Every structure is written in structure tokens, then in C-alpha cells.
Amino acid sequence: MSQANSNGKHIIYIGRELKSIDGGAVVSKRNVEILREISGGKIIEFYLSDKTILSKLINIVAGKPWGYCSHVYSDIKNSILLNEISFVFIDHSLLGAFAYILKKLNVTIVVFFHNIEVKYYKDKVLVDGFLNNLMVRYARNHEKLITKYADKIICLTNVDSDLLLSIYGRKADLILPITIEDRFIPSIKLEDTENYHLFVGSSFFANIDAINWYIENVLPSVRSKLVIIGNGMEVLSKQYKTHPKIEIKGFVDDLGPFYRNADFVVNPVRLGSGMKTKTIEALMYGKTVIGTTEAFVGMEEVENKGVGYVCGSPEDFINCINNFHREKFNQYSRIYYSDSFSADIGYQKLKKFLCL
2 MSQANSNGKH
12 IIYIGRELKS
22 IDGGAVVSKR
32 NVEILREISG
42 GKIIEFYLSD
52 KTILSKLINI
62 VAGKPWGYCS
72 HVYSDIKNSI
82 LLNEISFVFI
92 DHSLLGAFAY
102 ILKKLNVTIV
112 VFFHNIEVKY
122 YKDKVLVDGF
132 LNNLMVRYAR
142 NHEKLITKYA
152 DKIICLTNVD
162 SDLLLSIYGR
172 KADLILPITI
182 EDRFIPSIKL
192 EDTENYHLFV
202 GSSFFANIDA
212 INWYIENVLP
222 SVRSKLVIIG
232 NGMEVLSKQY
242 KTHPKIEIKG
252 FVDDLGPFYR
262 NADFVVNPVR
272 LGSGMKTKTI
282 EALMYGKTVI
292 GTTEAFVGME
302 EVENKGVGYV
312 CGSPEDFINC
322 INNFHREKFN
332 QYSRIYYSDS
342 FSADIGYQKL
352 KKFLCL
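Going by this note's numbering, the first residue of the sequence shown is number 2, and it counts up by one from there.
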């Protein structure tokens, strides 16, 4: 990356506690690392967490921001008043009430939308319980506040920006896609392993829905073995323990060998919002991705670029997989990652946008 500006401005960052390893946490870590660098380290960071289900319910019912507690606002306010703060970067649209409160302190508010959360929770209601009905209204209220009071809005994709406009009457000021550090090591040779294709994703609702749909509707008709990797995916082990074409690994320390030796990657996700980190990760490892339209949100002309195939039905997946005859390493995927989703791309775009 480029060197930080030694005359960087003070920034306050407000975001979720970064303990998880899901796609949202990957993007948040990317955001805060860029902000640290472009501010020359002049950043005050606040990480919010709903410690218990009870505290989460209390905040939802009261309409408070995600992770809110009484001392948080006073700590943020004091930091603004005691430091030369240039702007506040709010790293989630469920923190919308902070935009409303902090705008009174005459600071510039920049907000990053990981998803359009009202759509995300509408999708989640379909598969995952009562609490998400409350979250739909909660998300709508906070996103209304944040679109009203934010000075600048950042979205991951044009699709999210257009959805933001249709729901709240405002588009994003910047499209900043998922960008990730390059972990690909080209010198490592492929292992002589049994042929397989790969699904990578944690056990959150959209991934569980996707892989169950895929196993039921696609896998019986394809010749390739499926390997499933992801934090918490062991929950599927009992359901599929006798399936002859499925191997479930759950969490692994190093995804590299599994990506390198896979014939291709599948992403049959059907629900959710925003870009898919695991699609970008697969491109980074030089893999061909076979997925749904949702899997490629934020990525243009993937078939013309030679990096993947978009499938709209089980038959599309079956035909594509059974007729797949390409090398395990796809140079076009690597090129697309390097040109569009590498870490330096994100750094340069955000730095230019914030004028730091």
C-alpha cells in the first residue's frame, strides 16, 4: 500500500466488535486498517457489542443502535470535543441512531453499508425465526436515520445503492467493493488428490439454505465430490454423514490447499444482500466459480471475463458442472481479482474519496 499521510486528520471509527471471521468482519477489518493508515494513526476506535441476547432485545425494543450502552455515547462525545476530529466513520447501518445523535456535534458523518439490512432481515425471516421480524422494523428505522443524517454513504455494490435509493430515496456516494489481502502463493504445486469441487462459507442462514438446496437439487446429478469448509459447518455432519459424495471439514486454519486443489468452487447462495467475500476469495486463489446471480453481485460480466458461470436453475448447475473441463488454476480469475478486488484498490479508492 501507499505510505500514510503524516499530516492525517483525526478520525473516530464506530463499528462492531471484530471477533467473528465472517465476511462482514473481513470488510470491517479492511475499513479500519485503511483508516488507520490514511489518518497516520490519528484514529480513535469504538467497538460495540451486544453482550447477551437480553441486551440485544432491549436495544431493539428501545430503538437504540446495535451494541449501545449508556457510557458509549458520552465516551464518543467527549472524544469529539477533546480532539481535532475530522469526521466520524460509522461502519454499519444498524448504528443509524449514532448519525442522528452525533450530527448535533457538527462533525462529518461517513457511513458504510455492508448490506441493505432491511432486505437482509426480510430474507432471514424466511428461514430463521421470530427475532428477525423485529429486526426488519429495527433495520428500517436505523437505515432511515442514517440515510437522512449521513454526509456520505458508501455501499459495496451498485445493486445495494439502487436498493437504497428505492427504499430510502438516496444513492451511495461511493461504491467500494470487497477488497482482500492477497494470500495466494503461486510457487506451491498442486497436490495429487481425488477430484472435488469446493464450497466455502460459515454456518449463517444464507449459506445453510444454499448448501442444502444444492445438495438436494444439484449434487445427485453431478459426478464430482463436494467438500464443504466453513466455521460452524459441522452442524451439517449428522444430516449428511452417510452421503457418499460429501466431505465436511468445518473450520480449517489454512484454506489455501483446499482452494488450490479444488477443480472449481460453487456458490449457490440465494438469499442475503451485499457482495460475497468467499467469491472474491476464490478469485484470489485463481479458481473458476460456478454460482447464482446473487453469488456474483458487484461483479460484472463474469462469464465474458472467463472467471465463472452464472446459473439460474438446478439444470444450469448440473450442465455446467458435468461439462466443466478447465485447468484448476484460472489465470483470468487472478487477473480480475488483482485489477478489481486487491487490497491496494480499496486503499486508493477510500483515500481519494475521503480526500486524506
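In this text, a Cβ means the ideal position worked out from N, Cα and C, and glycines have one as well. This structure is a prediction, so every number in the text was calculated from the model and none was measured.
Sort the options by Cα distance to residue i and report the nearest one.
| i | options | result |
| --- | --- | --- |
| Pro-178 | Phe-354, Ile-12, Ser-341 and Tyr-14 | Ser-341 |
| Ser-29 | Phe-259, Phe-114 and Leu-199 | Phe-114 |
| Ile-154 | Gly-97, Arg-141, Asn-208 and Val-219 | Gly-97 |
| Thr-289 | Ile-45, Leu-272 and Asn-262 | Asn-262 |
| Val-267 | Pro-258, Lys-277 and Gly-273 | Lys-277 |
| Asp-161 | Tyr-333, Ile-186, Val-119 and Ser-50 | Val-119 |
| Arg-224 | Ile-44, Pro-66, Asn-323 and Glu-34 | Asn-323 |
| Lys-352 | Val-33, Asn-213, Phe-185 and Ser-71 | Val-33 |
| Gly-299 | Asp-124, Thr-53 and Leu-157 | Leu-157 |
| Ala-211 | Asp-92, Lys-57, Glu-18 and Pro-269 | Pro-269 |
| Gly-313 | Thr-293, Gln-240 and Tyr-260 | Thr-293 |
| Ile-86 | His-11, Ile-346 and Pro-66 | His-11 |
| Glu-18 | Ser-274, Trp-67 and Gly-257 | Trp-67 |
| Arg-327 | Ile-346, Leu-83, Phe-265 and Ala-63 | Phe-265 |
Give every residue of the same chain whose Cβ lies closer than 7 angstroms to the Cβ of residue i, excluding the five residues on either side of it in the sequence, and list them in chain order.
| i | result |
| --- | --- |
| Glu-235 | Ile-249 and Gly-251 |
| Lys-246 | Leu-220, Lys-226 and Leu-227 |
| Ser-222 | Ile-319 |
| Ala-5 | Annotation note: pLDDT 39 at Ala-5 (below 50); position unreliable, no value reported. |
| Tyr-122 | Asn-133, Met-136, Val-137 and Ala-140 |
| Val-303 | Phe-297, Gly-309 and Val-311 |
| Ser-339 | none |
| Leu-146 | Gly-97, Ala-98, Ala-100 and Tyr-101 |
| Glu-46 | Tyr-14 and Val-33 |
| Leu-191 | Arg-261, Asn-262 and Lys-329 |
Near residue i, which residues of its chain fall below 6 angstroms by C-beta distance, leaving aside the five closest residues on each side in sequence?
| i | result |
| --- | --- |
| Ser-3 | Residue confidence for Ser-3 is low, a pLDDT of 38 falling below 50, so the modelled location carries little weight; the figure read from the coordinates is stated next. Cβ within range, chain order: n/a, list empty. |
| Ala-151 | Ala-100, Ile-110 and Val-112 |
| Lys-350 | Leu-177 |
| Leu-361 | With the chain covering 2 to 357 only, the question about residue 361 has no answer from this structure. |
| Asn-208 | Gly-202 |
| Phe-206 | Lys-125, Val-128 and Asp-129 |
| Asp-92 | Gly-16, Ser-29, Asn-32 and Phe-113 |
| Lys-279 | Val-201 and Gly-202 |
Under 8 angstroms Cβ to Cβ from residue i, same chain only, skipping five residues before and after it: list those, please.
| i | result |
| --- | --- |
| Ile-81 | Ile-13, Val-89, Leu-103, Leu-106 and Val-108 |
| Ala-344 | Met-2, Arg-31, Thr-180, Ile-181, Glu-182 and Asp-183 |
| Glu-195 | Lys-226 |
| Val-253 | Ile-230 and Phe-259 |
Under the assumption that residue i contacts residue j (Cβ atoms under 8 angstroms), give the Cβ distance between them as a whole number of angstroms.
| i | j | result |
| --- | --- | --- |
| Ile-117 | Ile-15 | About 19 angstroms separates the two Cβ atoms, so there is no contact after all. |
| Leu-165 | Arg-171 | 6 angstroms |
| Tyr-333 | Lys-306 | 6 angstroms |
| Tyr-337 | Leu-272 | With a Cβ gap of about 25 angstroms, Tyr-337 and Leu-272 do not count as contacting. |
| Leu-49 | Val-73 | 7 angstroms |
| Phe-325 | Leu-175 | About 37 angstroms separates the two Cβ atoms, so there is no contact after all. |
| Tyr-241 | Ile-216 | 7 angstroms |
| Asn-213 | Pro-315 | Between Pro-315 and Asn-213 the Cβ distance is about 13 angstroms, and since that is not below 8 angstroms, they are no contact. |
| Gly-257 | Asn-142 | In fact, because the Cβ distance is near 42 angstroms, the residues do not count as touching under 8 angstroms. |
Could you check whether the Cβ of residue i sits closer than 6 angstroms to any heavy atom belonging to the ligand GDP?
| i | result |
| --- | --- |
| Ile-35 | Absent from the structure shown: the ligand GDP. Ligands present: none. |
Please specify which runs of the alpha helix (DSSP H), each continuous and at least 4 residues long, are wholly inside the region 264-319, giving them in chain order.
278-285 and 303-306
Can we say the region 230-244 touches the region 195-204, given the rule of at least three CB pairs closer than 8 angstroms?
yes
Only counting runs of 3 or more residues, tell me where the beta strand (DSSP E) segments fall wholly within the region 158-229, in order along the chain.
197-201
Please list the segments of the alpha helix (DSSP H) lying wholly inside the region 52-122, counting only runs of 4 or more residues, in order along the chain.
54-63, 71-83 and 97-103
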